[in-house]
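In full-length UniProt numbering, the protein residues as written are 1 to 600.
C-beta: ideal position from N, C-alpha, C; glycine also.
Reading through the structure tokens given below for one structure.
Next up, the structure:
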């Protein structure tokens, strides 16, 4: 069921009873219903929880009551899948019903992000998820950032059709004490003999990413302070088990658990920690669109944490189409959260990677502004934030042990183009930088881009999914071109777009910058985007001879506190090749020995 049913935060704080609560993070790939999904609560739960790190004493007379909690988060795809983890809405519904058929009455909690992003949501605006969530039997939910993707009015309409409340206690309509988006702050109810109180809390970081609602209408309040106050209010209402249902990154969930010990459980969403396999259901309906020799890693723990070959490919194609020196894409734009195996790529693969057709722009940025943007991109590491950058045209190193804003190593940012020697990025020189329009408006903390001059606006900018699709069309033409190499072959396909682009004033400004550079200096002998395709964008298939992609890690983003990924991969490959070579040599020696023995 999409990236959801994933392992989010499940943090336990001091609980007085004999047994600490256990929750079951529902995995749609689970073969058997879990047996340990119980939360044992004793009468002592009515007392103050014990301080962190200290076990509360319990009375032998305490009568235990069992409460089963089923929790899941971040689900947006409902299709059944053919390979494990199979997932799909029917399977998840079936697993929940298995509990009920066994006489268990589970408390079903959802941590948000249902209405987007998915291919189906682009058509239905998320309404396909309402009957699914109702059928699962969700009792309480916390709002997630992607639930706002199609605007406040759409969110309110969908939430009104849900058979359960949506919570968000720490975001208010500005200037009031009314929770934003018609949300409730908390929920209290007796469940299986236990009076349960649930509070919905979110982090400030993702509020900055909302593009379809006016953030100025929202007033954020610290989740620790609001959580502490809400927990005390729930306890005053007689709640025995206090649960924080959140849509935050795990570090913030852990902070909440540490600073608000009143909560017995923190059940979080927003994180995606498992690896799902590539699926190809209904192959007869899928159109072959391209081919890759390398698996493309689009997992969130990769693209939001380090260099990714999928990020390299998308950024390279986009930068060349936009005729920019540098491309910076926020990893939150790459949505598939899976490894796409080597082999055929379909149109559905492209949509899963880039489901949101968002405009892009080209800005004129100084080298110093580029570095500032990169600083923002790595400022939240190790949180798996969507602001983490995937890049083209540059490479850089960062040290996460340094404070945010000072993590990019001085002198490490290099301008890279094709087979040319890397050149240090010059602080005062102007560069053409392609970025999503979303970032150009300062979202995700990229406020430095609001200071940059716009050369190509969103109306004229390259659409990234279109650029990727066109790249594979170009490869198809390249494969059919007889007797020609890669030089110049793609020009007929791109010349029409280039002529059209040059008709606009923004493109004229772009060309002027290309000719003069900053202070009249040229940045290179040829314009970006006109060089031969390199770096895995177009390679011959070793068997078929046709052109495919084979993007790999290139050391564009180096965390100096971690070993280089590519070196590890190369070392592993060489070790495997050496092992096979040695086995082959021994096998040949044995065969030769057998032959000599027979001859004797």
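The criterion of a C-beta distance shorter than 7 Å is not satisfied by residue 167 and residue 144. Every unbroken stretch of the alpha helix (DSSP H) spanning 4 or more residues and falling wholly within the segment 409-464 is given here in chain order: 437-440.
Residue 384 and residue 305 do touch by the CB rule: their CB atoms are close to 6 Å apart, below 8 Å. In this chain, residue 549 is not harboured by any alpha helix (DSSP H), its DSSP state being neither H nor E. Contact between residue 355 and residue 67 fails: their C-beta atoms lie close to 37 Å from each other, not under 8 Å. With contacts defined by Cβ atoms closer than 7 Å, residue 242 and residue 197 form a contacting pair.
A distance of 7 Å or more separates the beta carbons of residue 331 and residue 361. Restricted to the segment 174-226, the beta strand (DSSP E) segments that are unbroken, complete and at least 3 residues in length are 186-191, 194-202 and 218-220, listed in chain order. For the pair residue 146 and residue 581, the Cα-to-Cα distance works out to about 51 Å. Taken through DSSP and simplified to helix, strand or coil, residue 318 comes out as helix. Annotation: the continuous beta strand (DSSP E) that includes residue 389 extends over 389-392.
Leaving aside the five residues that flank residue 386 on each side, the residues in its chain whose CB is nearer than 7 Å to its CB run, in chain order, 209, 304, 330, 331, 332 and 444.
In chain order, 291 and 292 place their CB closer than 8 Å to the CB of residue 343, counting only its own chain and leaving out the 5 sequence neighbours on each side. Taking C-alpha positions only, residue 556 is separated from residue 464 by approximately 20 Å.
About 13 Å separates the CB atoms of residue 125 and residue 159; that is not less than 8 Å, and the two are not in contact. In the three-state DSSP reduction, residue 164 falls in the coil class, being neither helix nor strand.
7 Å or more divides the Cβ of residue 202 from the Cβ of residue 152.
As a beta-bridge residue in DSSP terms, residue 397 pairs with 558. With a threshold of 16 other beta carbon atoms within 10 Å, residue 102 falls short and is exposed.
Excluding its 5 nearest sequence neighbours in each direction, residue 392 has C-beta neighbours in its own chain below 6 Å: 315, 316, 319 and 327, listed in chain order. DSSP lists 547 as the beta-bridge partner residues of residue 540. The continuous alpha helix (DSSP H) containing residue 94 extends over residues 89-101.
With respect to residue 107, residue 187 sits apart: the two C-beta atoms are not nearer than 7 Å. In this structure, residue 111 places its C-beta atom within 7 Å of the C-beta atom of residue 247. Across the set 341, 204 and 157, the C-alpha of 204 shows the shortest separation from the C-alpha of residue 169.
A direct Cα-to-Cα measurement between residue 98 and residue 91 gives close to 10 Å. With respect to the C-alpha of residue 374, the residue from 346, 406, 358 and 349 having the closest C-alpha is 406. Put simply, the backbone Cα of residue 546 is about 5 Å away from that of residue 479.
Per the DSSP secondary-structure output, residue 327 pairs in a beta bridge with 392 and 434.
When 586, 562 and 589 are compared, the shortest CA-CA separation from residue 307 is found for 562. Between residue 297 and residue 339, the C-beta gap is smaller than 7 Å, which places the two residues in contact.
The C-beta of residue 75 has 16 or more other C-beta atoms within 10 Å across all chains shown, which makes the residue buried.
As the crow flies, the alpha-carbon of residue 337 is around 11 Å from that of residue 117. Residue 141 sits in a strand when the DSSP states are folded into three classes. Scanning the segment 344-375 from its first residue to its last, the whole alpha helix (DSSP H) runs of 4-plus residues come out as 347-353. Distances from the alpha-carbon of residue 250 to those of 404, 268, 239 and 260 put 268 closest.
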